[in-house]
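What follows is one structure encoded as structure tokens, with my remarks underneath.
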Amino acid sequence: MSALWCAFSGQATRCRPVVQSAVSQRSLSGTCARAAAAAAVYKSPVRVDFYYDTISPYSWLAFETLLRYRPVWNLEIQFKPVFMAGLSQATSSNFLESLTKNQNKTRHMFQDIVRMGQYFKVPLRIPESPFYMLAVVGSLKQQRFLTAAQMKFPDVTEDLSRSIWYRGWAEDLDIAKPDSLRMIGRRAGMSEEEVEEALAASETQEVKDRLKSVTREAVDDGACGLPFLVFHVNKGDTDVETYFGSDRFPVIAHRLGKFMRQFKLEIEVQEWMDDLEWNGPVPDPNNFKEIEEPAEISKCFLSIEQYDELNQKFVDNVKQDFNIKDK
Numbered sequence: 001m002s003a004l005w006c007a008f009s010g011q012a013t014r015c016r017p018v019v020q021s022a023v024s025q026r027s028l029s030g031t032c033a034r035a036a037a038a039a040a041v042y043k044s045p046v047r048v049d050f051y052y053d054t055i056s057p058y059s060w061l062a063f064e065t066l067l068r069y070r071p072v073w074n075l076e077i078q079f080k081p082v083f084m085a086g087l088s089q090a091t092s093s094n095f096l097e098s099l100t101k102n103q104n105k106t107r108h109m110f111q112d113i114v115r116m117g118q119y120f121k122v123p124l125r126i127p128e129s130p131f132y133m134l135a136v137v138g139s140l141k142q143q144r145f146l147t148a149a150q151m152k153f154p155d156v157t158e159d160l161s162r163s164i165w166y167r168g169w170a171e172d173l174d175i176a177k178p179d180s181l182r183m184i185g186r187r188a189g190m191s192e193e194e195v196e197e198a199l200a201a202s203e204t205q206e207v208k209d210r211l212k213s214v215t216r217e218a219v220d221d222g223a224c225g226l227p228f229l230v231f232h233v234n235k236g237d238t239d240v241e242t243y244f245g246s247d248r249f250p251v252i253a254h255r256l257g258k259f260m261r262q263f264k265l266e267i268e269v270q271e272w273m274d275d276l277e278w279n280g281p282v283p284d285p286n287n288f289k290e291i292e293e294p295a296e297i298s299k300c301f302l303s304i305e306q307y308d309e310l311n312q313k314f315v316d317n318v319k320q321d322f323n324i325k326d327k
């Protein structure tokens, strides 16, 4: 049945879900994380380099999990947006080609994305045309926009990353056109001036080179896909643990504990080992606020009959107001 997009209602729609205010997240998330870290038993934060692309749904799962465990494990997260297509080319791995040639792999991956989203409490949905988003739209525009925003306004990185994921992998809406990026930026708490400045900067050679450089850095660190995490287990860069994927956190907890016993990083090791545990995707249920699900598509459309009825009322009102008579 034909339908009409109801984008201008005051209720939640597919393009305007009711979500927690990104502005409040931007202003409070850093304060909460610092307060929680200060209360932790261990003193030395563990640095983790998080390489990710917002076209990757598994990167979204790892992103949210890292943020939830940041105060629990006292993580110092370095967010490093990269260009996944560039990473694939540099490592001679063609992810999209493997999906088009192996239907079983494709079917399993799409099923797994939904299951993992439910487990990690992240509102992942498979887009209506996933290959169009992955192969045609790609991620170059949004990753440059994210890189530019991070360079100019570092405190928006987390909310802006989530906003891109949410629009593409939850709402199934465009993520690359300039107006789409404007909406994404505003939802993330950026001002109109900040959004325009980041959009303009995203076309500069400086930002393009920065994205290339961080992608090259990921390759040099051993990245073979995304998300890719590099944990620095002591104060230098000589001892690192690398992980690929969003399902490695139980192993990460185990390995971090082992290294802490070895290097004794200014902590009470036994007390930390009692705390350093994998407690599932939500380590602190009492303070957890789940990301709002987008409105069901069926609730965001009007049937043609409903539209005709509303339109007729509008026409009748106009005729009455202007005393227009039928011929």
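Under the UniProt record's numbering, residues 1 to 327 are what the sequence shown spells out, in order.
The beta-carbon is built from N, C-alpha and C at its ideal position, and this holds for glycine as well.
Just so we're clear, the structure is a prediction, and the values are computed from it rather than from any experiment.
Residues bridged to residue i [DSSP beta-bridge criterion]
i: Thr242; result: Val230
i: Ile77; result: Val48
Reduced DSSP secondary structure (H/G/I, E/B, other) of residue i
i: Asn317; result: helix
i: Val82; result: coil
i: Phe249; result: helix
i: Gly280; result: coil
i: Ser191; result: coil
i: Pro178; result: helix
i: Asp326; result: coil
i: Val122; result: coil
i: Pro71; result: helix
i: Leu173; result: coil
i: Asp53; result: coil
i: Asp155; result: helix
i: Ile291; result: coil
i: Asn311; result: helix
i: Ser88; result: helix
i: Ser59; result: helix
i: Gly30; result: Bear in mind that a pLDDT of 47 at Gly30, under 50, signals an unreliable position, so the number given afterwards is only what the model happens to contain. In the structure shown, Gly30 sits in a helix (DSSP, three-state: H, G or I).
i: Ser21; result: Note that Ser21 has pLDDT 41, beneath the 50 cutoff, so the model's placement of it is unreliable and the number below is only indicative. Of the three classes helix, strand and coil, the one that applies to Ser21 here is coil, per DSSP.
i: Ser202; result: coil
i: Asp112; result: helix
i: Glu196; result: helix
i: Asn286; result: helix
i: Gly222; result: coil
i: Glu217; result: helix
Closer than 7 Å: residue i CB and nearest the ligand ZN heavy atom
i: Ala135; result: Looking for the ligand ZN in the displayed structure turns up nothing, as the structure carries no ligands at all.
Proximity of residue i and residue j at Cβ, strictly below 8 Å
i: Leu256; j: Leu229; result: no
i: Trp165; j: Thr54; result: yes
i: Pro227; j: Phe50; result: yes
i: Leu211; j: Gln103; result: no
i: Val82; j: Leu66; result: no
i: Ser213; j: Phe145; result: no
i: Leu87; j: Val219; result: yes
i: Arg70; j: Ile77; result: yes
i: Tyr58; j: Gly222; result: no
i: Ile175; j: Val137; result: yes
i: Met84; j: Ser163; result: no
i: Lys208; j: Leu181; result: no
i: residue 337; j: Asp284; result: As shown, the chain starts at 1 and ends at 327. That puts residue 337 outside it, with no answer to give.
i: Phe288; j: Val46; result: no
i: Thr157; j: Phe79; result: yes
i: Asp172; j: Arg125; result: yes
i: Ala135; j: Pro294; result: no
7 Å CB neighbourhood of residue i in its chain, flanking five on each side removed
i: Ala253; result: Leu276, Glu277, Trp278
i: Thr91; result: Val219, Cys224
i: Met133; result: Pro127, Gly168
i: Thr106; result: Leu99
i: Ser56; result: Met84, Leu226, Pro227
Sequence-distant residues of the same chain with beta carbon closer than 6 Å to residue i, five excluded per side
i: Phe153; result: Glu194
i: Ile291; result: Pro123
i: Tyr52; result: Ser59, Leu226, Pro227
Spatial neighbours of residue i in its chain, beta-carbon cut-off 8 Å, leaving aside the 5 residues before and after
i: Pro178; result: Leu199
Problem set entry | the segment 278-290 contacting the segment 95-105, beta-carbon criterion three pairs below 8 Å | no
Problem set entry | the segment 194-201 touching the segment 144-156, judged by at least three CB pairs closer than 8 Å | yes
For this session: Inspect the CB distances between the segment 174-188 and the segment 116-126 and report whether three or more fall short of 8 Å.
Result: no
Exercise. Okay, do the segment 57-65 and the segment 105-120 touch, 3+ Cβ pairs below 8 Å being the bar?
Worked result: yes
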